[in-house]
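Residue numbers (the working numbering): 44 to 202.
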């Protein structure tokens, strides 16, 4: 079962420059169920891309739903229609993508800095990174930082 799960690709992030209006979402709900899900998803994507709430370690499902203006059932339905399993996975994928970006830019050079992208503890960041990037966070840091001494896999809480 593990090889099957690992071979499933995750959806790509979609760049959303302007969020759909409440009127557009309401109209699509009346016209086309799939279009309504897509529009609600675009609203969540816009929030995640432009407000970057995932960088707050306290950001969670309830806060995403509150920001988007949807209840958790509607939010989950919209995310699932786009290939996500759940809201927590969606938030974690944003955190991992930002972690990767900051490591590649040289802004994160130590594994303890994972709190900058919203992870509370190193272990969660390490497991999430491996799950979504198919490689070890420690190895990725070593590759980009080049200093194994600054890359340690401490699993104790950092915040």
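We put the CB at the ideal spot given by N, CA and C, even for glycine.
If you're wondering where the values come from, they're calculated on a predicted model, not measured in any experiment.
Between residue 84 and residue 122, the C-beta gap is smaller than 8 Å, which places the two residues in contact.
DSSP places residue 151 in the coil class of the three-state scheme, outside both helix and strand. Its Cα nearest to that of residue 58, the residue 137 stands out among 137, 145 and 180. Under the 10 Å beta carbon count, residue 177 is surrounded by fewer than 16 other beta carbons and is classified as exposed. Contact between the region 151 to 162 and the region 106 to 115 is absent: fewer than 3 CB-CB pairs across the two stretches fall below 8 Å. Ranked by Cα distance from residue 98, the options 54, 140 and 147 are led by 140. When rounded, the separation of the alpha-carbon atoms in residue 54 and residue 132 is 11 Å.
Residue 155 and residue 174 have their C-alpha atoms spaced approximately 19 Å apart. Residue 115 has its alpha-carbon roughly 17 Å from the corresponding atom of residue 65.
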